[in-house]
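Offset between the sequence shown (1-based) and the numbering used here: plus 8. Report on the following structure.
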Amino acid sequence: MYAYGNFLVELEGIEVINSPTQVAKLSEDYFRFSPILTPVLENKVADLVLRPKTESEVIQIAQACVKHRIPLTVRGAGTGNYGQCVPLNRGIILDITRMQGIKWLKPGLACVEAGIKLGALDRKAQEIGWETRMVPSTFRSATVGGFIAGGSGGIGSILYGQLRDRGNLRAVRVVTLEDTPRIIELRGDDVQKVNHAYGTNGIITELEIPLAPAYGWAECIVAFKEFEVAANFGQALGNADGIMKKMISVHAAPIPSFFIALKSYISTSSHCALVLVAESDLEPFKSLVQEYKGEICYEKSAQDASKGLTLVEFSWNHTTLHARTVDPSLTYLQSLFPDVEKVMEMYRYFSDEVMMHLEFIRMNGKIIPAAIQIMEFTTSDRLEEIIKYHEDHGVLIANPHTYLLEDGGMKAVNQEQLDFKRLVDPYGLMNVGKMRAYL
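As structure tokens, this is what we get:
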């Protein structure tokens with residue numbers, strides 16, 4: 009336990025949470041999806057949580073942390089899965105969820121504080137005919153700052169690629185942890201210094217992000233008798249340049265059986281595609297469904313889909329959430345396949361041991377099947393064997409069973425992010441232990 013007496017005096021007026029129950033809750037994310045991370049992270053708890061309302065309060069907190077050498081971990085809504093916001097070395101959690109302002113909003117661009125929820129921003133953008141380019145399945149609670157610092161893509165990635173792609177983040181304001189904290193504004197390619205860096209190298213307080221023209225998105229479930237046909241349909245829809253779509257989420261049986269709220273629409277043995285398609289493009293969409301002999305078993309207009317149940321919350325990491333609600337022994341993988349042929353190779357090899365869940369995305373101008381497969385955890389050794397088999401056969405695994413920044417993604421040191429950390433966090437206080445290159 010660090011000494012907090014003088015520290016808290018210096019931060020008088022800033023909201024402090026010190027209830028052990030609340031602090032423990034705010035020290036967690038969804039790392040329990042991983043049986044590897046759970047025993048490592050479940051007892052990692054901060055000492056205090058601070059909730060600043062303004063950038064000037066963030067600067068006060070940064071200065072006090074540097075002065076007293078107290079570790080600081082930034083938290084958005086805690087909807088990540090790899091322990092991004094779990095404090096490994098106690099200290100304080102800096103909770104950004106009170107910083108919800110929209111600085112300005114205009115066609116194509118928005119400037120927002122880091123703690124605004126993606127769903128709230130989307131609603132405001134739609135008032136002027138625009139929408140967020142991409143969101144995670146946790147859009148109702150996830151913050152813009154947390155998504156940029158801890159996420160990589162989501163619903164909308166079929167159109168706009170990944171968060172790291174040039175143009176998907178225009179500018180960020182970052183507070184440093186130097187003896188005299190500074191505000192640094194990063195623009196253009198410099199934003200990559202903090203993009204998907206887990207908050208290890210600066211406190212993001214404000215972001216400028218691009219918007220997309222808003223469409224009325226109809227929601228459809230298409231059922232198929234064979235998974236290979238479902239996967240090929242997903243690829244064909246992704247490749248159909250004349251059909252606007254925001255999500256193509258394909259699930260092999262028995263995954264649809266985990267979707268309790270959708271059970272009356274999907275037969276037990278069906279494979280299915282969950283799709284968000286522009287309402288104005290339903291006619292060519294249905295023609296493609298017919299070509300692949302699919303059956304539309306669920307359809308909602310854009311107006312109806314905007315209320316209550318949305319298929320978005322059965323895609324991406326929500327698929328894993330629903331599966332684990334039914335069977336807590338289940339866990340998951342994260343994969344990038346070069347093509348559907350490689351998907352089918354793995355599908356046939358592992359059969360039901362690794363249940364196939366695809367999310368079609370745009371990467372380097374090409375539509376490819378990413379995957380968040382569902383699997384039953386047996387042993388750590390077997391999990392490693394499954395990962396190695398994929399990698400040995402040309403499938404990139406973004407390992408979701410590690411909290412280390414480099415190990416979970418491209419498995420290489422990001423020199424630009426490391427250099428920026430050395431500049432803005434000279435005492436190594438930010439999200440201690442998450443950047444392997446800095447250990």
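Where is the CB? At the ideal position from N, CA and C, for every residue including glycine. All values derive from a computational prediction rather than experimental measurement.
- Distances from the CA of Gly153 to each of Pro47, Cys119, Thr327 and Ser288 were compared; the closest alpha carbon is that of Cys119.
- Annotation for Cys305: no alpha helix (DSSP H) segment contains it, though the beta strand (DSSP E) segment containing it runs Glu303 to Lys308.
- For Tyr340, the number of other beta carbons within 10 angstroms of its own is at least 16, and it is reported as buried.
- C-alpha of Asn14 to C-alpha of Pro144: approximately 40 Å in a straight line.
- Distance from the Cα of Ser42 is smallest, within the candidate group Gly88, Ile124 and Leu80, for Gly88.
- Contact check for Met443 against Thr208 passes: the beta carbons are separated by less than 7 Å.
- Gly164 and Ala150 have their alpha carbons spaced roughly 15 Å apart.
- Only buried fits His330, as 16 or more other CB atoms lie within 10 angstroms of its CB.
- Per DSSP, Arg83 lies in no alpha helix (DSSP H); the unbroken beta strand (DSSP E) holding it starts and ends at Leu80 to Arg83.
- Counting only residues of its own chain and dropping the five nearest sequence neighbours on each side, Arg190 has a CB closer than 7 Å to the CB of Thr184.
- By a beta-carbon distance limit of 8 Å, Pro79 does not contact Arg59. Their separation comes to about 17 Å.
- Residue environment for Trp112: exposed (fewer than 16 other C-beta atoms within 10 angstroms of its C-beta).
- Per DSSP, Thr46 is one residue of the alpha helix (DSSP H) stretching across Leu45 to Leu49.
- The criterion of a C-beta distance shorter than 7 Å is satisfied by Ile104 and Gly123.
- Here DSSP, grouped into helix, strand and coil, assigns Phe368 to strand.
- In the structure shown, Ala11 falls within a coil segment according to DSSP collapsed to helix, strand and coil.
- No residue range can be given for Ala122, since it is assigned to no beta strand (DSSP E) and is classified by DSSP as neither H nor E.
- Where Pro221 is concerned, the enclosing beta strand (DSSP E) starts and stops at Ile211 to Pro221.
- Residue environment analysis places Thr386 among the exposed positions, since fewer than 16 neighbouring C-beta atoms fall within 10 angstroms of its C-beta.
- Per DSSP, the continuous alpha helix (DSSP H) segment holding Glu393 begins and ends at Ser388 to Asp400.
- Residues of the same chain with a CB within less than 8 Å of the CB of Lys350, apart from the 5 flanking positions on each side, are His401, Gly402 and Val403 in chain order.
- In summary, Gly441 is buried, with 16 or more beta-carbon neighbours lying within 10 Å of its beta-carbon over all protein chains present.
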